[in-house]
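Number of protein chains: 2
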Amino acid sequence: MSIEAIDFFYLSMPVVTDAGDGSQDALVVRVVADGIVGWGECEASPLTSIAAYVAPMSHGACKPVRDVVLGKPIEEPADIARLAADIEMECMDLLQAAHTFSGIEMALWDVLGRKRGEPVWRLLGYKKAHAKLPYASQLFGDTPEETLAGCRSAREKGFRAVKCGWGPFGRGGLAADRDHLAAAREGIGADGTLLIDAGQIFREDVDAAALRLAALDEFGATWFEEPFYGGAYASYAGLAGKQAKVKLAGGEASHNVHMARQLIDYGKVSYIQIDCGRIGGIGPAKAVADYAVERGVTYVNHTFTSHLALCASIQPYAGLKDHLICEYPFAPKSVAWDMSETHLTPDANGEVNVPHAPGLGITMSTAGLKRYLVETEISVKGKVLYRTPAL
Amino acid sequence: MSIEAIDFFYLSMPVVTDAGDGSQDALVVRVVADGIVGWGECEASPLTSIAAYVAPMSHGACKPVRDVVLGKPIEEPADIARLAADIEMECMDLLQAAHTFSGIEMALWDVLGRKRGEPVWRLLGYKKAHAKLPYASQLFGDTPEETLAGCRSAREKGFRAVKCGWGPFGRGGLAADRDHLAAAREGIGADGTLLIDAGQIFREDVDAAALRLAALDEFGATWFEEPFYGGAYASYAGLAGKQAKVKLAGGEASHNVHMARQLIDYGKVSYIQIDCGRIGGIGPAKAVADYAVERGVTYVNHTFTSHLALCASIQPYAGLKDHLICEYPFAPKSVAWDMSETHLTPDANGEVNVPHAPGLGITMSTAGLKRYLVETEISVKGKVLYRTPAL
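Here the protein sequences come in this chain order: A and B.
All residue numbers for the first sequence refer to our numbering, where the first residue is 1 and numbers rise by one.
All residue numbers for the second sequence refer to our numbering, where the first residue is 1 and numbers rise by one.
What follows is the structure, given as structure tokens:
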């Protein structure tokens, strides 16, 4: 079979604020091959990723994603890997291409799984899918009281792990950060798993980040995520070398396998966090998971949007029993929830199970998608290159 | 003064082919502050980079470039650096933002230089601008005879250095590659500088690339550029460790300072090649030049487009006397030539001198720009976010 159609749907809340909440809009991809429909989702900036799909070619190594993928054969996983390699060469100079292709790649796995009646994690070579411990991913409150309330709410909803990130952390003094950490620990409870995300606030400043280690250890944080710019490997390695119990996590910005490997090899992180909507989809994410296993690093998904993205993000490490922690969008905006009819809700044990249904195992909601659809049009030389397609 | 206006102009040849020739289209930026007009150029995929400028915000760390830059104060070089830091944080999840901002950043330096009556290289701290040895950058011919003709033509036009890249190199057998190298050496002459660009053809395969080292040494190549994916540092380091006279070059894909540093630190390249139209402009490129000097690595510009981009690309290392080699678009398409009234033509000695005029020292051609202008329109929710502005 060949890839017959690829359609992008830009969804958004009516109002998008500048909070660090990635669930306010979405770019969903529908792929059709041999009449089978698969779905995927690209992370970040829907309009820009659509442009990378339809842009006129600049030269042989700067083609639009469409020219590399549409109409190509898709019979088995190796075909998806070949397309990914073609993207790397033929879209070499189109920076946004990795994000655009990510959603398409997910949808191709969904198509193949549906065609074969197999869940994607089985196509990836896993015999069994293990339950994951979801952490409620949320922003720090503006005050420690708000942070406490957020973490307590997560615990009351059955979450045994919580991640607090961004917001005021690292922007005020040490004492303020310590108050937030104390509040987060109190909220999730003494036996809960506490994860902290600094949102790159320390840029490259190892000393400033190191000043927070004592409080992170005092309140038993499991990991300290993205203290620095994603590419500041020397800073990561410098902080990893300090005496602390808390481990470093990072990797969400990786837009190819190399970047994730580098953060492991040179940045010395203990947790590698991969967003399938950015790294080029599920295949490269699985390659990172394999690499992490070989090096004693723990793989974690990065997901802040829909349950389609969540389900895709678990596939690459579904079969890794010891890689337990899973990012779970705790309080997504309604666009992220409504776009699918099915969701991955935690079981009675508070754990998340990836579907055993064919493909990604998520049923999309046409009504939900329509409700948030953003009409978009791009034309060049008077010719319409993109217009929001019909659902 | 503040940044009053930023306008993007998408230019293109009437027909764009899939040759590896980056001069077939262009994205030019015009910035106005306090009535002073500055110009810059973004590398690669004009439509996608425009979209990254106007895209609706996705969240606090995924803003369009416009929201971070337009209306902001611009009085001195520190203001440009501050904007670059803001872009890194506020456009963190917008991959294409680095390419979009690159052209704006160049134009801001042009504005500041014009305002102060100083060339940009002096604003960067250089006391003197040294002449550079331009190499004629061209593609390998389809046959060794074509490669010979191309290199001979460069020599006849006064070039003492030539770079051959892409085309059939690495795609056929060893003997074919050797024939092309022999032809290139014959064409540029025994005393000429010969540079070879593999265009990432060996992906991560150190052994395949290493098989070419003997012929590269036999024909006296100075550098072997991008044998691998830009991020495959371990492959670069592996090849750098082989016994060969030829040195490794790379770095053109760097879209931030970290990536360039990493290729030096982990990839062990001897020449770091920076495209100011991708790395975020002239400021980050200067930071790479400083870093290279400290580590005994030679800085080289990467430029395959206009003389505006060429002039911007020389600024970061204009004052580095020993960093002599300079990429020079040898046979650009007419769009790249016609957009400016002034050009950096080699002097009687065959060397290129960066202008002493204020700013970047390039005078743009309104007629030339108009000739290649591509009418483009982007609308979201019925509102026009971008329409080709007036020149």
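We put the CB at the ideal spot given by N, CA and C, even for glycine.
Keep in mind the model is a prediction, meaning the values are calculated, not measured.
Between the beta-carbon of isoleucine 378(A) and that of isoleucine 378(B) there is about 5 Å, and that keeps the pair under the 8 Å contact cut. Residue-level contact by beta carbon holds for asparagine 256(A) and chain B, with a gap shorter than 8 Å.
Inter-residue distance for leucine 95(B) and aspartate 205(A) is about 23 Å (C-alpha atoms, whole angstroms). Below 8 Å, enough C-beta pairs join the region 17-37 of chain A and the region 285-305 of chain A to call them touching: three or more.
When beta bridges are read from the DSSP output, lysine 383(B) appears opposite Val380(B). For lysine 72(B), the secondary structure class from DSSP, reduced to helix, strand or coil, is coil. Taking the beta carbon of histidine 99(A) as reference, the chain B residues within 8 Å of it are Leu95, listed in sequence order. In terms of beta-carbon proximity, histidine 59(A) lines the interface with chain B, with at least one pair separated by less than 8 Å. Where arginine 30(A) is concerned, the enclosing beta strand (DSSP E) starts and stops at 25-33. With a minimum length of 4 residues, the unbroken runs of alpha helix (DSSP H) contained wholly in the region 260-305 of chain A fall at 282-294. Scanning Phe202(A), Cys164(A), Thr100(A), Gly173(A) for the CA closest to the CA of glutamate 186(A) turns up Cys164(A). When DSSP reads this structure, glutamine 138(B) sits in a beta bridge with Cys164(B). Of the candidates Val37(A), Asp34(A), Pro14(A), the residue whose Cα lies closest to the Cα of alanine 26(A) is Pro14(A). Taking a cut-off of 8 Å for Cβ pairs, the region 346-354 of chain B and the region 122-137 of chain B touch, as three or more such pairs fall below it. In the same chain as leucine 369(A), and ignoring 5 residues on each side of it, the C-beta atoms closer than 7 Å to its own belong to Phe9, Leu11, Val28, Met339, Leu391, in chain order.
In the DSSP assignment, threonine 222(B) falls within the beta strand (DSSP E) that extends over 221-225.
Proline 56(B) has a beta carbon lying within less than 8 Å of a beta carbon in chain A. In chain order, Gly231 make up the part of chain B whose C-beta sits under 7 Å from the C-beta of methionine 259(A). For glycine 283(B), the CB contacts under 7 Å within the same chain, skipping 5 residues up- and downstream, are Ile80, Ala81, Ala84, Glu105 in chain order. In this structure, valine 288(B) lies near tyrosine 299(B), with their beta-carbon atoms less than 8 Å apart. Taking CB atoms only, valine 374(B) has a neighbour in chain A less than 8 Å away.
When C-beta atoms of the region 135-148 of chain A are compared with those of the region 171-183 of chain A, three or more pairs fall below 8 Å, so the two segments count as touching. Contact check for asparagine 301(B) against isoleucine 274(B) passes: the beta carbons are separated by less than 8 Å. With distances taken between CA atoms, tyrosine 328(B) lies nearest to Ile314(B) out of Val16(B), Ile314(B), Tyr53(B), Ala98(B). Under the Cβ criterion (8 Å, minimum of three pairs), the region 56-65 of chain B does not count as touching the region 238-247 of chain B.
Of the candidates Leu239(B), Ala292(B), Ser58(B), the residue whose Cα lies closest to the Cα of glycine 267(B) is Leu239(B). Only His258, Met259, Gln262, Tyr266 from the region 257-289 of chain B bring a Cβ to less than 7 Å from some Cβ of chain A. Fewer than three Cβ pairs drawn from the region 107-127 of chain B and the region 155-173 of chain B lie within less than 8 Å of each other, which leaves the two stretches out of contact. Between the alpha carbons of glutamate 226(A) and tryptophan 39(B) lies a gap of roughly 35 Å.
Per DSSP, threonine 147(A) lies in no beta strand (DSSP E) segment; the continuous alpha helix (DSSP H) that holds it begins and ends at 144-156.
Along the region 204-260 of chain B, the beta strand (DSSP E) occurs as fully enclosed runs of 3 or more residues at 221-225, 247-250, listed in sequence order.
Chain B places no beta carbon closer than 8 Å to that of leucine 248(A), leaving this residue out of the contacts. Under DSSP, the beta-bridge partners assigned to threonine 193(A) are Ala161(A). Using a CB distance cut-off of 8 Å, aspartate 338(B) does not count as an interface residue toward chain A. For glutamine 200(B), the residues of chain A that pass the 9 Å Cβ criterion are Ala61, Glu88, Met89, Met92, in the order they occur in the chain.
Around the beta-carbon of glycine 361(B), 16 or more other beta-carbon atoms lie within 10 Å, marking it buried.
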